[in-house]
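**Student:** Numbering (full-length UniProt numbering), first residue to last: 1 to 908.
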Amino acid sequence: MTEENPHLTPPSFEQHPTGFGIEVAAPRISWRFLSSPSTTQNWEQSAYDVELIHLPGSKVETYHISSGNSVLVPWPSRPLLSRERARVRVRAYGRTKTSEHTKDSGETDWSPWAMVECALLNRSDWIGRPITIAEEREVNGPQRPLRFRKTFTIPLTEGISKARLYMTSLGSYTAYINGRRVGDECLAPGWTSYHHRINYQVFDIATLVEPARVNVIAVEVGEGWYATRLGFLGGKRCIWGKDLAVLAQIEMVSEDGEEFRLVSNDSWKCKLSAIIRSELYDGELYDAREEEEGWNGGEAFDDSSWLRTRSLALPSAQLVIPDAPPVRVIEVIKPVEIFTTPLGKTVIDFGQNMVGKLCIHHLKKPSGTKLTFAHAEVMETGELGVRPLRDAKCTDQIITSDEDLVDWSPKYTYHGFRYVQVDGWSTADKICPLTTLSVSALVMHTDMVRSGHFSCSHPMVNKLHENAVWSMRGNFFSVPTDCPQRDERLGWTGDIQIFCPSANFLYNTAGILGDWLKDVALEHLSLEHAIPPLVIPNALEDRWDGDPHAVWDDATVLTPWALYQSYGDVEILRRQYQSMITWVDRGIPRGPDGLWNIERWQLGDWLDPTAPPDQPGNSRTNATLVADAYLIRVTLIIAQVSEILHEESNATRYHDDYLRLKAIFQQKYIAPSGLIIGDSQTALSLALMFALYDTDKQKATAGERLAYLVRLAAFRVSTGFVGTPIITHALTSAGYSQLAYRMLLEKGCPSWLYPITMGATTVWERWDSMTPDGSINSGEMTSFNHYALGSVINWLHTTVAGISPIDPGWKKIRVQPIPGGTITSARATYETSYGRVECAWKVQDNDTFVLDLAVPPNSSALVILPGRDEEQWVGSGRHSFGGGYAPGPWPPEPIRDFLGQPSVEFIA
């Protein structure tokens with residue numbers, strides 16, 4: 001290898017980067033490039049080698065492929081079998097390419113070896129059966145968690161070379177072998193559409209078992225999402241089933257090839273847990289007096305009083321390895337303050353609205369003492385603000401025993417909270433007083449890899465971005481949810497459709513969103529009326545009336561498309577294609593003109609600031625106009641997807657439909673001048689961003705009108721769910737970027753920075769979830785942790801920092817920062833599938849713009865500097881640019897009334 005070539009990371013594999021326990025027999029392979037960009041200037045891959053060994057003991061297979069692709073390349077060998085392992089390494093051949101010449105740079109060093117191992121690929125591989133308590137249990141309320149035990153010896157004469165536990169549950173489980181925790185997942189196996197798919201996990205347990213002794217496998221199962229109460233207005237229990245059960249299969253192989261297997265069956269024993277109840281909404285009650293020390297390990301434990309189990313049929317749903325990473329404890333936060341409220345309540349403040357649970361580090365109280373921990377996001381009039389929780393109690397309780405309680409936390413629940421009110425324990429206790437060292441908060445979410453970062457010279461904008469990150473973290477919890485605190489926490493399709501481009505930048509979401517989309521398609525295509533449920537998994541099946549809704553149901557098309565743009569994986573489109581076309585062809589109720597039937601009520605521009613607290617859908621933008629604009633957009637995207645998938649007849653059909661519907665929309669809603677019916681910021685932004693105009697003159701008129709309305713509103717937000725993600729983009733595309741900056745930097749209510757002036761640490765559901773006097777919005781529906789209205793951060797990434805993909809997957813990158821406002825510098829980094837993009841700019845002396853850029857190997861970037869007409873392509877490496885800079889007028893002036901005061905188009 002020459003110094004011009006990069007180093008390669010170990011290969012990663014489809015479904016799980018580590019390659020351990022996947023269910024893809026021919027996993028696609030990816031690798032990234034590690035090097036200083038200065039030593040790989042203008043480097044691109046021309047070919048690659050793959051070396052592969054099927055284990056145990058096969059010959060090395062070598063494959064040479066002439067291709068510049070290094071992401072999700074095809075598996076070159078025969079498919080793997082269930083449980084089979086292989087070792088893989090790669091090397092790349094490169095060339096440096098400039099405008100003058102192309103030079104071969106030879107091959108890189110081989111990457112380190114990576115191991116890939118398949119899980120159970122066939123249903124027939126499952127010998128075990130789910131087991132539950134023998135007695136039938138009536139379900140009139142929360143189900144008490146169950147504990148299971150099985151002792152076993154290992155009859156292998158040689159050492160163990162491989163030991164695996166294949167594991168799932170009906171409910172959420174925690175597993176132990178010989179008293180030691182198996183894995184670190186929380187609320188495993190995760191939430192899926194249980195009628196269709198149930199996740200299972202694979203664990204390497206070789207270090208946990210001991211051949212020379214009696215071993216114990218023990219499992220505890222709580223309700224989880226499977227059987228707990230879900231949904232608002234009281235919700236429903238046991239939506240997918242009522243029997244809490246465990247399915248386990250241990251398989252071992254000795255050094256000389258002997259095999260041993262232990263499976264769950266009715267020879268296992270069972271008992272009720274010391275956890276009396278554990279519900280996602282209401283919290284957990286743990287009675288330490290009922291704890292049996294050593295139940296989860298130790299052959300000496302006496303389980304003679306434990307009960308029989310009974311076997312259940314293997315679920316009809318598929319048993320699958322999830323693409324999504326598991327939920328884990330990601331961070332630990334200590335309290336910033338413990339204070340007493342006006343009513344004398346003890347409250348812990350963690351300083352950050354988060355999602356997770358408490359951990360009690362040391363508690364010593366007389367036996368039978370009950371302690372209560374009530375969680376909430378905000379304080380109101382000095383007391384815990386619990387009204388937004390609706391029917392969710394969000395309360396954990398402990399009943400103490402004579403033993404000290406050390407590092408206790410609830411197992412099968414989680415909460416959205418910043419504040420915790422404690423009853424039964426205070427700072428004034430003489431024995432074991434409550435201190436900031438007594439408790440911590442365990443931050444939980446799906447364990448995604450962080451991929452994108454942003455910062456700028458404006459502290460409040462940085463805080464806005466940080467708040468959006470925290471809201472994403474709290475709501476990417478096994479599935480993408482709407483909120484983490486009240487009696488909801490559901491996978492609303494509209495919320496993630498809106499936030500998806502932002503989410504894909506912040507974290508690698510290919511796993512969690514790709515996995516969730518599988519359930520979207522399965523739920524959708526199982527319904528005769530072809531209308532996707534509003535929430536996936538469909539926990540509202542008894543409350544949802546089957547009505548179709550644009551924006552929300554359009555997630556069937558727009559969310560896979562957003563993932564494709566970010567990760568370049570055509571298979572996502574192929575997998576979701578039938579759901580896409582079914583929604584557009586059969587699900588959307590059409591009027592005589594082919595657009596939406598105007599008789600169907602729509603959610604529309606949900607949570608427009610002018611909507612009354614009790615009517616969040618009462619928007620100033622006509623909801624059918626919104627639906628029709630989205631219909632045209634999704635029709636165009638399906639035409640493009642059909643072309644990518646070589647569905648030629650569909651590509652032609654949908655493209656013709658797109659042109660026809662666009663012409664009808666123009667006739668129905670748009671005046672020849674470019675003005676639009678309703679004359680709202682959302683309507684104009686949709687028309688501009690969805691390319692619903694045909695002439696430059698119309699676009700110019702629409703841009704001018706949008707700019708006028710923004711100034712008329714005194715730069716305060718006038719959009720809801722639909723308009724908020726695109727308003728700043730629309731202003732920028734129309735040439736009014738300074739107005740977009742002025743909107744961004746506005747602090748009055750409603751605005752993006754207003755919640756920050758009120759101390760927000762996450763993004764709110766409503767622009768005024770908390771009013772200026774410190775009281776909570778009077779509406780029945782408000783949350784202080786919703787990511788949808790934080791979707792403006794996509795504009796921070798693509799316009800303020802200035803980086804976005806040109807081609808799906810970021811192999812070709814657009815670098816086009818547009819400075820403005822009082823922001824004098826910005827920086828963004830993004831971990832593409834090829835390596836890290838770094839872009840940083842600053843304005844010096846108000847008239848010089850300086851840009852520093854790093855492009856990863858095997859990538860290129862199109863650079864467009866502010867105020868310049870020319871474009872410049874650059875290859876990998878580090879690059880610097882500079883030149884004159886002439887910002888627009890600042891600050892922009894609002895429209896003023898006859899008294900010279902800013903005039904607003906809504907009542908603030």
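Even for Gly, the Cβ is constructed at its ideal location relative to N, Cα and C. It should be emphasised that the depicted structure is a prediction, and the values quoted were computed from it without experimental measurement.
Excluding the 5 residues flanking GLN844 on each side, which residues of the same chain have their C-beta closer than 8 angstroms to its C-beta?
**Tutor:** Numbered from its first residue, the sequence shown carries residue 844 at position 844. Result list for GLN844: VAL850, in chain order.
**Student:** Leaving out the 5 sequence neighbours to the left and right, which residues in its chain are closer than 8 angstroms to VAL570 when beta-carbon positions are compared?
**Tutor:** Position 570 of the sequence shown holds residue 570. Scanning its chain for C-beta atoms nearer than 8 angstroms, with the 5 sequence neighbours on each side dropped, one finds around VAL570 the residues TYR564, ILE644 and LEU645, in chain order.
**Student:** Could you tell me how far apart the beta carbons of ILE399 and ASP282 are, in whole angstroms, since I believe they sit closer than 8 angstroms?
**Tutor:** As a position in the sequence shown, residue 399 is number 399, starting the count at 1. As a position in the sequence shown, residue 282 is number 282, starting the count at 1. At roughly 16 angstroms, the Cβ-Cβ gap does not stay under 8 angstroms, so ILE399 and ASP282 are not in contact.
**Student:** Is the separation between the beta-carbon of SER66 and that of ALA92 shorter than 7 angstroms?
**Tutor:** As a working note, residue 66 is residue 66 in the sequence shown. As a working note, residue 92 is residue 92 in the sequence shown. Cβ distance not < 7 angstroms, so SER66 and ALA92 don't count as in contact.
**Student:** Tell me, which residues are paired with PHE301 by DSSP?
**Tutor:** Position 301 of the sequence shown holds residue 301. DSSP lists no partner for PHE301.
**Student:** On the criterion of 16 or more Cβ atoms from any shown chain inside 10 Å, does ILE677 qualify as buried, or is it exposed?
**Tutor:** As a first step, residue 677 must be located in the sequence shown, where it is residue number 677. Flag for ILE677 reads exposed.
**Student:** If you follow the alpha helix (DSSP H) that VAL710 is in, where does it begin and where does it stop?
**Tutor:** As a first step, residue 710 is located in the sequence shown; it is residue number 710 there, counting from the start. 696-712 is the span of the alpha helix (DSSP H), which, as asked, contains VAL710.
**Student:** Once DSSP output is grouped into helix, strand and coil, what is the label at PRO894?
**Tutor:** Start at 1 with the first residue of the sequence shown, and residue 894 comes out as number 894. Coil, per DSSP.
**Student:** Note the first and the last residue of the continuous beta strand (DSSP E) segment covering CYS456.
**Tutor:** Here residue 456 is taken as the residue at index 456 of the sequence shown, counted from 1. CYS456 -> beta strand (DSSP E) spans 452-456.
**Student:** Write down every uninterrupted run of the alpha helix (DSSP H) in the region 490-533 whose length is 4 residues or greater and which is fully enclosed by it, in chain order.
**Tutor:** 493-506 and 510-525
**Student:** Can you tell me the Cβ-Cβ gap for VAL214 and GLU284, rounded? I've got them flagged as a contact below 8 angstroms.
**Tutor:** In the sequence shown, residue 214 corresponds to position 214, counting from 1. In the sequence shown, residue 284 corresponds to position 284, counting from 1. Contact doesn't hold; Cβ gap of about 32 angstroms is too wide.
**Student:** Name the one or two DSSP bridge partners that TRP240 has.
**Tutor:** Counting from 1 along the sequence shown, the entry for residue 240 is found at position 240. TRP240 pairs with nothing; no bridge assigned.
**Student:** Can you tell me whether LEU343 is buried or exposed, with buried defined as 16 or more other CB within 10 angstroms of its CB?
**Tutor:** Walking along the sequence shown from the start, residue 343 turns up at place 343. By the 10 Å Cβ count, LEU343 comes out exposed.
**Student:** Starting from the C-beta of GLU383, find all residues in its chain whose C-beta is less than 8 angstroms away, skip the five residues before and the five after it, and write them out in chain order.
**Tutor:** The count along the sequence shown starts at 1 and reaches residue 383 at position 383. Cβ within range, chain order: THR341, PRO342, LEU343 and LYS345.
**Student:** Could you tell me the distance, in whole angstroms, from the CA atom of MET770 to the CA atom of ASP897?
**Tutor:** For the purposes of this step, residue 770 is taken as residue 770 along the sequence shown, with counting starting at 1. For the purposes of this step, residue 897 is taken as residue 897 along the sequence shown, with counting starting at 1. Approximately 28 angstroms, taken between the alpha carbons.
**Student:** Comparing alpha-carbon positions, which option in SER111, PHE499 and LEU233 lies nearest TRP544?
**Tutor:** Taking the sequence shown and counting its residues from 1, the one referred to as residue 544 is at position 544. Nearest option by C-alpha distance: LEU233.
**Student:** Out of PRO145, GLU259, PRO322 and GLU255, state which residue places its alpha-carbon closest to the alpha-carbon of CYS270.
**Tutor:** Working through the sequence shown from its first residue, we reach residue 270 at position 270. Of the candidates PRO145, GLU259, PRO322 and GLU255, the one whose C-alpha sits nearest the C-alpha of CYS270 is PRO145.
**Student:** Nearest-angstrom Cα distance between ASN794 and MET580?
**Tutor:** If you number the sequence shown from 1, residue 794 lands on position 794. If you number the sequence shown from 1, residue 580 lands on position 580. Rounded to the nearest whole angstrom, the C-alpha separation of ASN794 and MET580 is 24 angstroms.
**Student:** Compute the beta-carbon to beta-carbon distance between ARG85 and LEU55, rounded to the nearest angstrom, for a pair I have assumed lies under 8 angstroms.
**Tutor:** Within the sequence shown, numbered from 1, the residue matching residue 85 stands at position 85. Within the sequence shown, numbered from 1, the residue matching residue 55 stands at position 55. At roughly 4 angstroms, the Cβ-Cβ gap stays under 8 angstroms, so ARG85 and LEU55 are in contact.
**Student:** Determine the contact status of SER718 and PHE499, defining contact as a CB-CB distance below 7 angstroms.
**Tutor:** Numbered from 1 along the sequence shown, position 718 holds the residue referred to as residue 718. Numbered from 1 along the sequence shown, position 499 holds the residue referred to as residue 499. Cβ atoms of SER718 and PHE499: not closer than 7 angstroms.
**Student:** With H, G and I counted as helix, E and B as strand and the rest as coil, what does DSSP make of THR582?
**Tutor:** Walking along the sequence shown from the start, residue 582 turns up at place 582. THR582: helix per DSSP, three-state reduction.
**Student:** I'd like to check one pair, THR762 with SER316: are the Cβ atoms closer than 7 angstroms?
**Tutor:** If you number the sequence shown from 1, residue 316 lands on position 316. If you number the sequence shown from 1, residue 762 lands on position 762. Going by C-beta atoms, SER316 is not nearer than 7 angstroms to THR762.
**Student:** From the DSSP output, read off the bridge partner residues of PHE373.
**Tutor:** The sequence position of residue 373 within the sequence shown is 373, counting from 1. DSSP, once it has assigned bridges, lists ASP396 and VAL422 as partnering PHE373.
**Student:** Just confirm the distance between the C-beta atoms of GLY820 and SER737, as a whole number of angstroms; I'd bet it's less than 8 angstroms.
**Tutor:** Indexing the sequence shown from 1 puts residue 820 at position 820. Indexing the sequence shown from 1 puts residue 737 at position 737. The Cβ separation is near 5 angstroms, so the contact holds.
**Student:** Would you mind giving the Cβ-Cβ distance between SER311 and ASP256, rounded to the nearest angstrom? I have them listed as a contact below 8 angstroms.
**Tutor:** As a first step, residue 311 is located in the sequence shown; it is residue number 311 there, counting from the start. As a first step, residue 256 is located in the sequence shown; it is residue number 256 there, counting from the start. Between the beta-carbon of SER311 and that of ASP256 there is about 33 angstroms, and that puts the pair past the 8 angstroms contact cut.
**Student:** For the region 26-100, list the beta strand (DSSP E) runs that are entirely contained and at least 3 residues long, ordered along the chain.
**Tutor:** 43-55, 61-65 and 85-97
**Student:** For the UniProt domain "Alpha-L-rhamnosidase C-terminal" (802-877), list the beta strand (DSSP E) runs that are entirely contained and at least 3 residues long, ordered along the chain.
**Tutor:** For the UniProt domain "Alpha-L-rhamnosidase C-terminal" (802-877), whole beta strand (DSSP E) runs of length 3 or above, ordered along the chain, are 803-805, 812-815, 825-831, 836-844, 848-855, 860-863 and 872-874.
**Student:** Can you grab the Cα-Cα spacing for the pair VAL73 / ALA26, in whole Å?
**Tutor:** Taking the sequence shown and counting its residues from 1, the one referred to as residue 73 is at position 73. Taking the sequence shown and counting its residues from 1, the one referred to as residue 26 is at position 26. Roughly 11 angstroms separates the two Cα atoms.
**Student:** Identify which residue in ASP847, PHE881 and ASP869 has its Cα closest to the Cα of ALA854.
**Tutor:** Mapped onto the sequence shown, residue 854 falls at position 854. Cα-wise, what sits closest to ALA854 is PHE881.
**Student:** Is the separation between the beta-carbon of ILE726 and that of SER751 shorter than 7 angstroms?
**Tutor:** Along the sequence shown, read from residue 1 onward, the residue named residue 726 stands at position 726. Along the sequence shown, read from residue 1 onward, the residue named residue 751 stands at position 751. Not in contact: ILE726 and SER751 (Cβ atoms no closer than 7 angstroms).
**Student:** Residues in the same chain with beta-carbon distance under 6 angstroms from GLY385, minus the five sequence neighbours each way, listed in chain order, please.
**Tutor:** Here residue 385 refers to the residue found at position 385 of the sequence shown. Excluding positions up to five away in sequence, the list reads ALA376, VAL378, MET379 and ILE776.
**Student:** Any heavy atom of the ligand ADP closer than 6 angstroms to the CB of ALA521?
**Tutor:** Although the ligand ADP was asked about, the structure shown includes no ligands whatsoever.
**Student:** If contacts are defined as beta-carbon pairs under 8 angstroms, then ILE131 and THR309 qualify, I think. What distance do you get, rounded to the angstrom?
**Tutor:** Position 131 of the sequence shown holds residue 131. Position 309 of the sequence shown holds residue 309. Right, the Cβ-Cβ distance comes to about 4 angstroms (below 8 angstroms), so this counts as a contact.
**Student:** Tell me which residue opens and which closes the alpha helix (DSSP H) that PHE665 is part of.
**Tutor:** Numbered from its first residue, the sequence shown carries residue 665 at position 665. Unbroken alpha helix (DSSP H) run through PHE665: 648-669.
**Student:** Please classify LYS162: does DSSP put it in a helix, a strand, or coil?
**Tutor:** Along the sequence shown, read from residue 1 onward, the residue named residue 162 stands at position 162. Three-state DSSP puts LYS162 in a strand.
**Student:** Take the Cβ of PRO894 as the centre, count every other Cβ of all protein chains shown within 10 Å, and call the residue buried at 16 or more, exposed below.
**Tutor:** As a working note, residue 894 is residue 894 in the sequence shown. Its Cβ being crowded by 16 or more others within 10 Å, PRO894 is buried.
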